[in-house]
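Below you can see the structure in the form of structure tokens.
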């Protein structure tokens, strides 16, 4: 089976979209962008770095797209199209079937269409470029946080990092249900598309949590020239962390990555607007702290007492 | 040095472009697409597959972008933006300096700006997604060739494939100047942006030659439901092939890939319009054959006598 047959067999799906003028199979895909702005993001997943070598290919396909869609959500963009650059060591129909199944499961759940890509031979890795649309001027960047804004996160934190720990250390939780919760979070993260798209005009800054709260929040602080105070007792700890002691819970939830929840800041006067949006969508959002004027500094307290966070979020190439 | 420092040190360049609303450093880049359609293409280059392990990093950077820009050119699109997904085994300042130098040399030569990407740890590979704009309805696809249309290629063919052969077999040409011609073509392909953008309304179909004339032309024929007759004596053989016998010249030029010249079809009544464009741009274009009604079949003749082409273009995963 050659690269063209692989594309035809596993990756060509009919797209009913009058804006898509030319889909898979030409030198480029071509679409009519309409009146919006175009948001673009690219993320790579490498075997052995971003996913375990024995990971379920369905989860790999699902997650490869989910992490990119999560970046669109973090900008407040509506997902539209993506390209897939798939590098595989050899032709493997079982892998391709499961991978494409997971990929398209994610794609249909958020209305994003595959419009092109490249299939090459080499060590397993997946690069996806996702394209979305925003209302001009309504993009939610990392630079809009102001002292006094409240800091929120969606969902729960720490579940994905716990799964990485359990897998790396070949150990288990006592409760298999909590453990499967943790692995679901790692393998099948749900990008917060609806929430992200609803926060334009409400959130002053936003990003998605991929490397971990403590290191990702720093990007908002650096780009907004602000600081933050985090109240650790407010963190929405993943219920999969309940078998752990408090220090480990904090460690996984604050320094652990891969949750793909949204972290955003909201001016106090928009607190009620946020509450309404969250209720309407049925998504939990939790206030975990406040933006401060201490440029580039995060202070942590636990029930009012200063708490020293030593570990940092995951960073490729850091020693 | 961590991934953020790598991006800051090597890949952040000021972009003076009022249409670019948000550049590198947020969850997504955001641009105003204006009134055009958006063309998107993605290509991956893997070490040991698409370039030799001892390749000059400057050439790798240059070519990674060039092959993507070539796809935009083949659609008649104007290059605008690109994202870079760079996977490298370890931090290597010499590699990054030379790679980024080659990348931005290509970028500035065709007015395309880096707006985002991802830097990850793993076996060396580069995936670029290039974005361009087209005038709505003026895209040049692979499906518009009609029997009687004339088949053209830009530039010369076979030089890049010869370089791959010389390198793989650790052999040399007698004339070092011809040999360096051949390696320039392999390492620093020049995408035909101006020509591609000028052919709207003139070319009925177009693509770029990456896998080789014989296999790439087949894509036009399949998508246009036509055939082709190629006159081998008309092929513009790379001058680097002059030390080879005729059979080998034909083999490299027809079956060898990596030339990144444009192959396109033109209705006979637009022959003069093409001539004017080529003269104005100072780019050689050569008529090499004719589109026929023999669906999916290419016949070759050499000075009027049928010629059997046995070898095929390069295809990943083909046995």
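Residue numbers (my numbering), protein chains in the order written: chain P, 1 to 319; chain Y, 1 to 319.
Glycine included, each C-beta is placed from N, C-alpha and C at the ideal position.
On a predicted model such as this, the values are computed, not experimentally measured, just so you know.
Length of the line joining the Cα atoms of residue i and residue j
{"i": "residue 200 of chain Y", "j": "residue 179 of chain P", "result": "58 Å"}
{"i": "residue 253 of chain Y", "j": "residue 108 of chain P", "result": "43 Å"}
{"i": "residue 312 of chain P", "j": "residue 150 of chain P", "result": "Note that residue 312 of chain P has pLDDT 46, beneath the 50 cutoff, so the model's placement of it is unreliable and the number below is only indicative. Whole-angstrom Cα-Cα distance: 22 Å."}
{"i": "residue 176 of chain Y", "j": "residue 189 of chain Y", "result": "19 Å"}
{"i": "residue 318 of chain Y", "j": "residue 1 of chain P", "result": "With a pLDDT of 47 at residue 318 of chain Y, under the threshold of 50, the modelled position of this residue cannot be trusted, and the question is left open."}
{"i": "residue 6 of chain P", "j": "residue 220 of chain Y", "result": "19 Å"}
{"i": "residue 259 of chain P", "j": "residue 222 of chain P", "result": "21 Å"}
{"i": "residue 186 of chain Y", "j": "residue 24 of chain Y", "result": "30 Å"}
{"i": "residue 276 of chain Y", "j": "residue 195 of chain Y", "result": "11 Å"}
{"i": "residue 354 of chain P", "j": "residue 243 of chain P", "result": "In the structure as shown, chain P begins at 1 and stops at 319. Residue 354 of chain P is therefore absent and cannot be evaluated."}
{"i": "residue 302 of chain Y", "j": "residue 250 of chain Y", "result": "10 Å"}
{"i": "residue 315 of chain P", "j": "residue 257 of chain P", "result": "In this prediction, residue 315 of chain P scores a pLDDT of 49, lower than 50, which makes its location untrustworthy; no coordinate-derived value is stated."}
{"i": "residue 210 of chain Y", "j": "residue 41 of chain Y", "result": "14 Å"}
{"i": "residue 80 of chain Y", "j": "residue 127 of chain P", "result": "20 Å"}
{"i": "residue 213 of chain Y", "j": "residue 207 of chain Y", "result": "10 Å"}
{"i": "residue 4 of chain P", "j": "residue 87 of chain P", "result": "14 Å"}
{"i": "residue 69 of chain P", "j": "residue 43 of chain P", "result": "10 Å"}
{"i": "residue 307 of chain P", "j": "residue 162 of chain P", "result": "21 Å"}
{"i": "residue 235 of chain Y", "j": "residue 294 of chain Y", "result": "21 Å"}
{"i": "residue 268 of chain Y", "j": "residue 58 of chain P", "result": "51 Å"}
{"i": "residue 245 of chain P", "j": "residue 13 of chain P", "result": "48 Å"}
{"i": "residue 299 of chain P", "j": "residue 264 of chain P", "result": "17 Å"}
{"i": "residue 261 of chain P", "j": "residue 73 of chain P", "result": "10 Å"}
{"i": "residue 130 of chain Y", "j": "residue 170 of chain Y", "result": "34 Å"}
{"i": "residue 76 of chain Y", "j": "residue 296 of chain P", "result": "46 Å"}
{"i": "residue 224 of chain P", "j": "residue 183 of chain P", "result": "34 Å"}
{"i": "residue 117 of chain P", "j": "residue 11 of chain P", "result": "10 Å"}
{"i": "residue 273 of chain P", "j": "residue 114 of chain Y", "result": "37 Å"}
{"i": "residue 15 of chain Y", "j": "residue 36 of chain P", "result": "21 Å"}
{"i": "residue 142 of chain Y", "j": "residue 39 of chain Y", "result": "14 Å"}
{"i": "residue 255 of chain P", "j": "residue 304 of chain P", "result": "20 Å"}
{"i": "residue 248 of chain P", "j": "residue 48 of chain P", "result": "25 Å"}
{"i": "residue 165 of chain P", "j": "residue 181 of chain P", "result": "14 Å"}
{"i": "residue 324 of chain P", "j": "residue 192 of chain Y", "result": "Nothing can be reported for residue 324 of chain P, as the shown portion of chain P is limited to 1 through 319."}
{"i": "residue 218 of chain P", "j": "residue 160 of chain P", "result": "20 Å"}
{"i": "residue 71 of chain Y", "j": "residue 132 of chain P", "result": "22 Å"}
{"i": "residue 97 of chain P", "j": "residue 279 of chain Y", "result": "50 Å"}
{"i": "residue 239 of chain Y", "j": "residue 271 of chain Y", "result": "26 Å"}
Residue interval of the beta strand (DSSP E) (run including residue i)
{"i": "residue 57 of chain P", "result": "No beta strand (DSSP E) contains residue 57 of chain P, which is instead part of the alpha helix (DSSP H) from 57 to 75."}
{"i": "residue 22 of chain Y", "result": "20 to 22"}
{"i": "residue 51 of chain Y", "result": "Looking at the DSSP string, residue 51 of chain Y is not in any beta strand (DSSP E), and its letter there is neither H nor E."}
{"i": "residue 309 of chain P", "result": "First-last for residue 309 of chain P: undefined, no H or E at that position."}
{"i": "residue 244 of chain Y", "result": "Here residue 244 of chain Y belongs to no beta strand (DSSP E), and DSSP marks it neither H nor E."}
{"i": "residue 82 of chain Y", "result": "78 to 88"}
{"i": "residue 43 of chain P", "result": "37 to 46"}
{"i": "residue 16 of chain P", "result": "Run containing residue 16 of chain P: none; DSSP gives neither H nor E here."}
{"i": "residue 29 of chain Y", "result": "29 to 31"}
{"i": "residue 10 of chain P", "result": "Looking at the DSSP string, residue 10 of chain P is not in any beta strand (DSSP E), and its letter there is neither H nor E."}
Opening and closing residue of the alpha helix (DSSP H) in which residue i lies
{"i": "residue 183 of chain P", "result": "176 to 187"}
{"i": "residue 321 of chain Y", "result": "It is not possible to answer for residue 321 of chain Y, since the shown part of chain Y is limited to 1 through 319."}
{"i": "residue 4 of chain Y", "result": "3 to 6"}
Any non-hydrogen atom of the ligand MN closer than 7 Å to residue i Cβ
{"i": "residue 230 of chain Y", "result": "Of ligands this structure carries none, so the ligand MN is not represented either."}
Within chain C, the residues that residue i reaches when beta carbons sit closer than 7 Å
{"i": "residue 125 of chain Y", "result": "You won't find chain C in this structure, because its protein chains are P and Y."}
Near-chain P residues of the segment 26 to 41 of chain Y - C-beta to any C-beta below 7 Å: 26, 27, 28, 29, 30, 31, 32, 33, 37, 38, 39, 40 and 41
Evaluate contact between the segment 53 to 64 of chain P and the segment 46 to 58 of chain Y, counting only Cβ atoms and requiring at least three cross-stretch pairs below 8 Å. no
At 4 residues or longer, what runs of the alpha helix (DSSP H) sit wholly inside the segment 247 to 284 of chain Y? 271 to 281
Pairs of beta-carbons, one from the segment 286 to 305 of chain P and one from the segment 140 to 159 of chain P, closer than 8 Å: are there three or more? yes
The segment 226 to 244 of chain P touching the segment 123 to 137 of chain P, judged by at least three CB pairs closer than 8 Å: no
To test your reading of the DSSP string, which unbroken beta strand (DSSP E) runs of 3 or more residues are found completely within the segment 119 to 174 of chain P? 125 to 134 and 150 to 154
Which runs of the alpha helix (DSSP H) fall wholly inside the segment 186 to 241 of chain Y and span at least 4 residues, in chain order? 193 to 198 and 213 to 224
Can we say the segment 26 to 38 of chain P touches the segment 84 to 104 of chain P, given the rule of at least three CB pairs closer than 8 Å? no
Cβ-based contacts, 9 Å cut-off: residues of the segment 91 to 120 of chain Y near chain P: 91, 115, 116, 117, 118, 119 and 120
Closer than 9 Å, Cβ to Cβ, to anything on chain Y: give me those residues from the segment 247 to 270 of chain P, in chain order. none
Determine which residues of the segment 167 to 184 of chain Y have a Cβ less than 8 Å from any Cβ of chain P, and write them out in chain order. none
Determine, using beta-carbon pairs with one atom in the segment 75 to 91 of chain P and one in the segment 111 to 127 of chain P, whether at least three such pairs fall under 8 Å. yes
Can you give me, in chain order, the residues of the segment 190 to 215 of chain Y that have a beta carbon less than 7 Å from any beta carbon in chain P? 207 and 208
According to a CB-to-CB cut-off of less than 9 Å, which residues of the segment 46 to 74 of chain P neighbour chain Y? 46, 47, 48, 49, 50, 70, 71, 72, 73 and 74
When Cβ atoms are compared, which residues of the segment 136 to 166 of chain Y fall closer than 9 Å to chain P? 136, 137, 139, 140, 141, 142 and 143
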